[in-house]
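J.: Chains as they are written, first to last, in this note's numbering: chain D, 1 to 115; chain H, 116 to 230.
A virtual CB, placed ideally from N, CA and C, is assigned to each residue, including glycine.
On a predicted model such as this, the values are computed, not experimentally measured, just so you know.
Before I ask anything, let me first share the structure, which is written out below as structure tokens.
Dropping the structure here:
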């Protein structure tokens, strides 16, 4: 069955440190890949997406993600974390289906930033 | 301002009392969808609508109904709510009919508690 795994439920990093959030998916073909961020009390906002082409994708707020087909991974990175990055991050996979496409989300990773 | 709005934002109700959560978008989007978010499970799709003529079940449709009588509105109806429907609900929309090749724009969420 298709699934999206975010192995880390919580991550704490110091402000200014680098960040990597992991995402693995289980799907036969190359899916559409997304990272969303949810700030406290807010809806979800798209950070970046990958459909095809260059496997390193740049997004908003200084985030980037790299698609690695051999590892079925789409990890999110940021070189220097700011306190405002504290939020919950969701990896999602878009699946093309014969009847109705599907967006499958991971369970999320809560990022805490310490000063 | 382009946005997806949901009402109410917070709702406490009792088992069996029918309720409707409204969702409206002002971006002329074709695709609309409802998700529920539960801790440790991420977001799961309840129903989606590719356009005003096509509506279908997502992964967790039991106990919910939707209607898409006009493009901008996509209400979520709980005919007989039960405590296991206590959750945070999100409505989303996207420009095309695919739902995954375009960015999905999320509403602010509705926190529902069923006693």
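Between D:98, D:76, D:85, D:90, which lies nearest to residue 56 of chain D when the distance is taken from Cα to Cα?
T.: For residue 56 of chain D, the nearest C-alpha among the options comes from D:76.
J.: Any beta-carbon of chain H closer than 9 angstroms to the one on residue 58 of chain D?
T.: Judged by the 9 angstroms Cβ criterion, residue 58 of chain D is not in contact with chain H.
J.: For residue 223 of chain H and residue 173 of chain H, what's the separation of their Cα atoms in angstroms?
T.: Roughly 20 angstroms separates the two Cα atoms.
J.: Short of 6 angstroms in beta carbon distance, which residues of its chain neighbour residue 88 of chain D, apart from the five on each side in sequence? Order them along the chain.
T.: Excluding sequence neighbours, residue 88 of chain D sits near 38, 108, 110.
J.: Taking C-beta to C-beta, are residue 63 of chain D and residue 49 of chain D nearer than 9 angstroms?
T.: No, the pair does not count as a contact, with Cβ atoms beyond the cut-off.
J.: Determine, using beta carbons only, whether residue 147 of chain H comes closer than 9 angstroms to chain D.
T.: Cβ-Cβ to chain D under 9 angstroms: no for residue 147 of chain H.
J.: Can you list, in chain order, the residues of the region 147-180 of chain H whose Cβ is nearer than 9 angstroms to any Cβ on chain B?
T.: Considering every chain present, this structure includes no chain B. Its protein chains are D and H.
J.: Alpha carbon to alpha carbon, what distance is there between residue 192 of chain H and residue 44 of chain D?
T.: Each residue's alpha carbon lies about 22 angstroms from the other.
J.: What first and last residue would you give for the beta strand (DSSP E) that runs through residue 161 of chain H?
T.: Note, residue 161 of chain H: beta strand (DSSP E), 157-166.
J.: Could you check which residue in H:217, H:202, H:203 has the C-alpha nearest to that of residue 209 of chain H?
T.: Among H:217, H:202, H:203, the Cα nearest to that of residue 209 of chain H belongs to H:217.
J.: Using 10 angstroms around the beta-carbon of residue 97 of chain D, count the other beta-carbons present and answer buried if the total reaches 16, otherwise exposed.
T.: Exposed is the call here.
J.: Name the chain D residues that come within less than 9 angstroms of residue 211 of chain H, Cβ to Cβ?
T.: Here the premise fails: no neighbours, minimum Cβ distance about 10 angstroms.
J.: Could you tell me whether the Cβ of residue 130 of chain H comes closer than 9 angstroms to any Cβ of chain D?
T.: Residue 130 of chain H does not count as touching chain D.
J.: Could you give the DSSP three-state label for residue 26 of chain D: helix, strand or coil?
T.: In the structure shown, residue 26 of chain D sits in a strand (DSSP, three-state: E or B).
J.: Output the boundary residues of the beta strand (DSSP E) element that contains residue 226 of chain H.
T.: First-last of the beta strand (DSSP E) with residue 226 of chain H: 225-229.
J.: Along the region 100-111 of chain D, what residues have a CB closer than 9 angstroms to any CB found in chain H?
T.: Those residues of the region 100-111 of chain D that come within reach of chain H (Cβ to Cβ, closer than 9 angstroms) are 100, 101, 102, 103, 104, 105, 106, 107, 108.
J.: For the beta strand (DSSP E) containing residue 147 of chain H, list its first residue and its last residue.
T.: Here the beta strand (DSSP E) through residue 147 of chain H covers 146-153.
J.: Indicate whether residue 21 of chain D and residue 9 of chain D have their beta-carbon atoms separated by less than 9 angstroms.
T.: It is not a contact, given that the beta carbons lie outside the stated cut-off.
J.: If we cut at 9 angstroms on Cβ distances, does residue 189 of chain H have a partner in chain D?
T.: Not closer than 9 angstroms to any Cβ of chain D, the Cβ of residue 189 of chain H fails to qualify, so no.
J.: In or out: residue 102 of chain D buried (at least 16 other Cβ within 10 Å) or exposed?
T.: Buried is the call here.
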